[in-house]
Amino acid sequence: GAVVSQHPSRVICKSGTSVKIECRSLDFQATTMFWYRQFPKQSLMLMATSNEGSKATYEQGVEKDKFLINHASLTLSTLTVTSAHPEDSSFYICSARDRGPNEQFFGPGTRLTVL
Amino acid sequence: AQKVTQAQTEISVVEKEDVTLDCVYETRDTTYYLFWYKQPPSGELVFLIRRNSFDEQNEISGRYSWNFQKSTSSFNFTITASQVVDSAVYFCALIEYGGAQKLVFGQGTRLTINP
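Sequence order for the protein chains is A and B.
Here the first sequence stands for residues 1 to 115, where the numbers follow the working numbering.
Here the second sequence stands for residues 116 to 230, where the numbers follow the working numbering.
As structure tokens, this is what we get:
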């Protein structure tokens with residue numbers, strides 16, 4: 001149990017286009033989902049926290065208009081990178097939580113390359 | 116604010132050697148959880164262990180063992196008789212039970228096991 005999927009696993013796009021990444025909890029209801037970004041050889045940095053049915057809470061320095069997060073249901077959250085640029089190239093990882101703070105399950109990640 | 120420090124950026128050992136990965140944390144909360152994750156080249160985070168702040172018992176799982184010492188705010192991870200498959204980046208992480216309940220990662224330690 002406690003499986004989180006992400007789609008796509010890898011995406012290459014041209015500069016200026018928008019990319020949508022889906023995060024799904026497959027066998028549990030996720031009241032809270034998290035989005036992380038990881039640059040090469042660096043740690044995971046939390047971008048935003050989203051609760052089902054409400055607006056996402058963004059970390060300091062993360063542009064909410066650039067990284068649109070929608071948590072429309074208890075099993076799906078989406079991250080849309082709008083007008084992507086090469087500096088947005090990164091590994092994006094989502095996680096989902098259903099109960100307490102110690103129960104957080106990670107997706108396999110999405111590698112975004114912006115040309 | 117909570118903080119996790121993994122001072123060892125990279126470690127390289129020969130197969131069958133024992134290796135310890137250090138993790139030091141800071142928190143003002145009395146209730147918190149500590150984690151270790153493994154990130155192989157594929158990028159997917161692999162959960163290794165969770166420990167709550169009230170349980171200082173050391174844990175052993177096969178070749179893996181963890182030493183939790185609240186007195187020194189450390190949660191070190193030892194791999195005994197290392198194998199090439201243990202090569203990966205290892206992250207220590209902390210989440211506080213109170214407040215925003217965000218998972219904060221250390222910088223990671225890149226472990227290379229040479230045959």
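Even glycine gets a Cβ: it sits at the ideal position worked out from N, Cα and C.
Contact check between the stretch 34 to 44 of chain A and the stretch 86 to 94 of chain A: three or more CB pairs, one atom from each, fall below 8 Å, which counts as touching.
When C-alpha distances from P156 (chain B) are compared across B:Y205, B:K217, B:Q222 and B:A215, the shortest belongs to B:Y205. In terms of Cβ geometry, F190 (chain B) and R166 (chain B) form a close pair [threshold 8 Å]. Per DSSP, F39 (chain A) is not a residue of any beta strand (DSSP E), being assigned neither H nor E. Remark: C-beta atoms of W181 (chain B) and E174 (chain B) approach each other more closely than 8 Å. With fewer than 16 other Cβ atoms from the protein chains shown falling within 10 Å of its own Cβ, V200 (chain B) counts as exposed. Residue range T110 to V114 is occupied by the beta strand (DSSP E) that includes T110 (chain A). Within the DSSP secondary-structure output, F220 (chain B) pairs in a beta bridge with B:A208. DSSP places N70 (chain A) inside the beta strand (DSSP E), whose first and last residues are F67 to S73. Of the other Cβ atoms in all chains shown, 16 or more fall within 10 Å of the Cβ of I21 (chain A); this residue is therefore buried.
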